[in-house]
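Asker: I'd like to ask you about the structure that follows.
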Amino acid sequence: MKVFVTGKLSQRASDALMNFAQVDAYESDEPMERKDVEARLEGKDALVCILGDKVDGELFQLRPQLKLVANVAVGYDNINVSEATDAGVLITNTPGVLDNATADLVFGMLLASARRIVEADGFVRRGEWTGWKRELMLGADLNGKTLGIIGMGRIGKAVAKRARAFGLNIIYTRKGDDKKTDDELKKKFDATRVSLNELCRRGDFISVNCPLRKETRHLIGREEIALMQPHCVLVNTSRGAVIDEEALIDALEQRKIGSCGLDVFEHEPSVPKRLLALDNVVLAPHIGSATRETRAAMDELAVKGLIEAFSGKLPENTVNPEAWQKFSANLKNQTINA
Ligand code: DGY
């Protein structure tokens, strides 16, 4: 079988894939143009891609031999999953292996915002420091404050685990309504489930950890932001479009909320000039999972799923298991015809 990879995989993942398939890889870290992906996909059975690669029905129509797309990311908002399912294309993602790295960055951003670390760094570098002062660069304690976690999935839980060590009280929102999970979260993190409005009102710190779906686009809009406290620190490491970016910038400019840590943006990689001009914002270029260990684990999980699927086993990290039957039938037909 033939695979196209839109980037360079880590060594172990690359070795495993090469042992299994004929691999064509784009050997650069620069994003690929869609037309180049289309061209290189000719005759390929599978695509290993990243979140900058848009995957949709048009692509499946153009390349009907394509049977599987392994997205090297936990989020898959770059993929039209229902069109993939209709076309019998199996989609996999990389859940579970990036929770700690992402939760670490949440805390990096919380601390950087609450303790003004980036601002302080610039202050020292510019030679503006003239000596210790009682009121120099005053920030906020984390200990004893309330952290609101929006989205209590794997990453949200990894954030909650760290929050306990920092002495934060935890409130959260999540999808689903089973009491058992809420009871477990209470027991494990002393975390209390609240409505989104209550979380916005009560959070001294708020971390956005839900995926981007139709129902979570602009989940945090002008009304929700208006409920937040003037000192609230908001951190987003999920997807930019979960927050209405323009409403957020307005609130930051008017100092209606305290500060913000943003690893993700609504129209990446473009970052609004108004945001760049603010000193109450810490910015990062979507690096939540960017540690050597985590990126290697993501590559390995993506390759493992691909090998399993083409060996006849439904991978655990399948996003659309409902496509499995069609995928298996396509694979069988192709083997018979070959
Ligand atoms: C993901 O996995 O969805 C991250 O945003 C990129 O690692």
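If you read the sequence shown in this note's numbering, its first letter stands for residue 4, the second for the next number, and so on.
Just so you know, even glycine gets a beta-carbon here, dropped at the ideal spot from N, CA and C.
Among the candidates SER31, GLU30, GLU33, GLN64, whose CA atom is the shortest distance from the CA of GLU45?
Answerer: GLN64
Asker: In the DSSP assignment, find the unbroken alpha helix (DSSP H) run with SER85 in it and report its ends.
Answerer: 84 to 90
Asker: Confirm the yes/no value for this check: CB of GLY291, any heavy atom of the ligand DGY, distance under 8 Å.
Answerer: yes
Asker: Would the beta-carbon of GLY111 be found less than 8 Å away from any heavy atom of the ligand DGY?
Answerer: No, Cβ of GLY111 sits at least 8 Å from all heavy atoms of the ligand DGY.
Asker: Under the three-state reduction of DSSP, which class applies to ILE252: helix, strand or coil?
Answerer: If DSSP states are grouped into helix, strand and coil, ILE252 belongs with the helices.
Asker: Where does the unbroken alpha helix (DSSP H) through SER262 begin, and where does it stop?
Answerer: Note, SER262: premise wrong, no alpha helix (DSSP H); beta strand (DSSP E) at 262 to 265.
Asker: Going by CA-CA distance only, name the one from PRO67, MET155, GLU325, CYS203 that's closest to ASP181.
Answerer: The option with the nearest alpha carbon to ASP181 is MET155.
Asker: Can you round the beta-carbon distance between GLU271 and GLY291 to whole angstroms, since I take them to be within the 8 Å contact cut?
Answerer: Incorrect: roughly 12 Å between the Cβ atoms, too far for contact.
Asker: Let me know the beta strand (DSSP E) ranges lying completely inside the segment 126 to 159, each 3 residues or longer, listed in chain order.
Answerer: 149 to 153
Asker: So for ILE53, helix, strand or coil by DSSP?
Answerer: Coil, per DSSP.
Asker: By alpha-carbon positions, which one of GLY60, LEU251, ALA299 ends up nearest to HIS221?
Answerer: LEU251
Asker: Going straight from the alpha carbon of ILE173 to that of VAL100, what length do you get?
Answerer: 23 Å
Asker: Assign THR105 to one of three DSSP states: helix, strand, or coil.
Answerer: helix
Asker: Is the beta carbon of ASP266 closer than 9 Å to that of PRO288?
Answerer: yes
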